[in-house]
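In terms of the numbering used here, the sequence shown opens at residue 26 and continues consecutively. Note that beta-carbon positions come from the ideal geometry of N, C-alpha and C, so glycine has one too. It should be emphasised that the depicted structure is a prediction, and the values quoted were computed from it without experimental measurement. As structure tokens, the structure follows; a few thoughts come after it.
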Amino acid sequence: MKERIKSTIRRYAIALVWVYYTLIFLWAALYFVTGDRYGIMAIINSLALYIFLPLPLVLPLAIIVRRREVWIGLAGGVMLFIWLWGGLFIPRTSQPHTDGQTLSVMTYNVLGTHLQTAPAIEVIRTEDADVVFLQEINTTLAKTIQEELSDQYPYQVLDPYDDVTGMGTISKFPIHPTGETLPLKWVGTPQILSLDWDGQDIKLINFHMWATGLAPPKIVALNYRAREAQALFLADFARVAANQEPVI
Numbered sequence: 026m027k028e029r030i031k032s033t034i035r036r037y038a039i040a041l042v043w044v045y046y047t048l049i050f051l052w053a054a055l056y057f058v059t060g061d062r063y064g065i066m067a068i069i070n071s072l073a074l075y076i077f078l079p080l081p082l083v084l085p086l087a088i089i090v091r092r093r094e095v096w097i098g099l100a101g102g103v104m105l106f107i108w109l110w111g112g113l114f115i116p117r118t119s120q121p122h123t124d125g126q127t128l129s130v131m132t133y134n135v136l137g138t139h140l141q142t143a144p145a146i147e148v149i150r151t152e153d154a155d156v157v158f159l160q161e162i163n164t165t166l167a168k169t170i171q172e173e174l175s176d177q178y179p180y181q182v183l184d185p186y187d188d189v190t191g192m193g194t195i196s197k198f199p200i201h202p203t204g205e206t207l208p209l210k211w212v213g214t215p216q217i218l219s220l221d222w223d224g225q226d227i228k229l230i231n232f233h234m235w236a237t238g239l240a241p242p243k244i245v246a247l248n249y250r251a252r253e254a255q256a257l258f259l260a261d262f263a264r265v266a267a268n269q270e271p272v273i
């Protein structure tokens, strides 16, 4: 009787593993073929890391059942995980020491729907970056920045709105708008600025892409395609502009 129970558990466990393997490799096939092109796939892809969480639990089963196909599936799942996310677990190399001056840049979405300015001011002061790109800056925060950070950041180009479309850039070095604009539809108006960094002109681009949020798959797909178009345009824009000056 015990052997029969063990055999039944063994069969169900192996069947469950095969269902799990099918889900992993089916997702992988769809991911490599479609990417984020379709809304439902975009949502699944954003959570795909969690598909691999049960994978370590397969190891003891593979040891017990000693089935080659179970080991092959486990190895395939591990290699797929390493291929996609392995680089995130490699320790970062230390930054090279340099005697030259460095420019630090920070981007910060401050969430334009609330009026709590103190936390945002504290973060900016603590990070102490040379240039800070701000997204979703509202009029309350813009006023506070002008009042409390003008000594630390004397150069400010602020375009606040009391919603999520406000944009702003503050800097320790002189900045001014270039007059250039970006096509496509963005959240707020992108800022294209010129930074004078001790005689070196640097082009700054502060932008805010569309977010996905909770929406029907069709809307999610549209937003993903919009962001893809924005990213491709920015890459081309930066590549061309970099022929004349550094771009951030």
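Taking the alpha carbon of residue i as the reference point, which residue from the options has its own alpha carbon closest?
| i | options | result |
| --- | --- | --- |
| N70 | L82, L48 and A87 | L48 |
| Y180 | W96, Q171 and D187 | Q171 |
| W110 | M234, L259, L78 and I39 | L78 |
| D188 | H139, E205, G60 and F106 | H139 |
| W43 | I65, A73, R92 and S32 | R92 |
| P199 | Y178, L113, I39 and V83 | Y178 |
| S175 | R150, F262 and G224 | R150 |
| Q269 | Y75, K228, W235 and A246 | K228 |
| K243 | T203, T169 and I65 | I65 |
| D223 | T33, L128, L72 and I273 | L128 |
| L74 | L84, W52 and L82 | W52 |
| T132 | I39, P241, G204 and E152 | E152 |
| Y46 | Q141, Y63 and L82 | L82 |
| L84 | P215, Y63, L72 and A38 | A38 |
| Q225 | Q126, Y63, T164 and V148 | Q126 |
| Y63 | P241, P116, G112 and K31 | P241 |
Would you mind giving the Cβ-Cβ distance between residue i and residue j, rounded to the nearest angstrom? I have them listed as a contact below 8 Å.
| i | j | result |
| --- | --- | --- |
| V135 | A143 | The Cβ separation is near 12 Å, so there is no contact. |
| L209 | Q255 | 6 Å |
| V130 | A154 | 6 Å |
| T237 | V212 | That belief does not hold up - the Cβ atoms of T237 and V212 are roughly 12 Å apart, past 8 Å. |
| F232 | L257 | The Cβ separation is near 13 Å, so there is no contact. |
| L80 | F114 | Contact doesn't hold; Cβ gap of about 15 Å is too wide. |
| W235 | A251 | 5 Å |
What residues in its chain sit with their C-beta under 7 Å from that of residue i, if we drop five residues either side in the sequence?
| i | result |
| --- | --- |
| A87 | V95, W96 and L99 |
| R35 | V90 |
| A266 | K228 and V272 |
| I162 | V135, G137, L183, P185, G191, M192 and G193 |
| L41 | none |
| T214 | D184 and M192 |
| T165 | L140 and T142 |
By Cβ distance below 6 Å, which residues in the same chain neighbour residue i in space, the five residues on each side in sequence not counted?
| i | result |
| --- | --- |
| Y249 | D61 and A67 |
| L220 | F198, I200, I227 and L229 |
| E205 | I217 |
| A317 | As displayed, the chain neither begins before 26 nor continues past 273, which places residue 317 out of reach and without an answer. |
Once you ignore the five residues that flank residue i on each side, which residues in its own chain have a CB closer than 8 Å to its CB?
| i | result |
| --- | --- |
| A167 | L183, P185, G191 and G193 |
| E253 | D61 |
| T203 | I217, L218, S219 and K228 |
Would residue i count as contacting chain D if we go by Cβ distances under 9 Å?
| i | result |
| --- | --- |
| P79 | Among the chains of the structure shown, chain D does not appear; only one protein chain is present. |
* Asked: Using 8 Å as the Cβ pair cut-off and three pairs as the minimum, do the segment 183 to 195 and the segment 157 to 171 touch?
  -> yes
* **Inter-stretch contact at 8 Å, needing at least 3 Cβ pairs: the segment 89 to 100 / the segment 52 to 63** => Contact fails between the segment 89 to 100 and the segment 52 to 63, because fewer than three Cβ pairs, one in each stretch, are under 8 Å apart.
* To do: Report the residue ranges of all alpha helix (DSSP H) runs contained in full by the segment 115 to 193; include only those spanning at least 4 residues, in chain order.
  => 142 to 152 and 164 to 173
* **Every unbroken beta strand (DSSP E) within the segment 195 to 249, with a cutoff of 3 residues, ordered by chain** => 200 to 202, 216 to 222 and 225 to 231
* Asked: Taking only runs of the alpha helix (DSSP H) that begin and end inside the segment 63 to 120, which ones reach a length of at least 4 residues, in chain order?
  -> 64 to 71, 80 to 90 and 93 to 110
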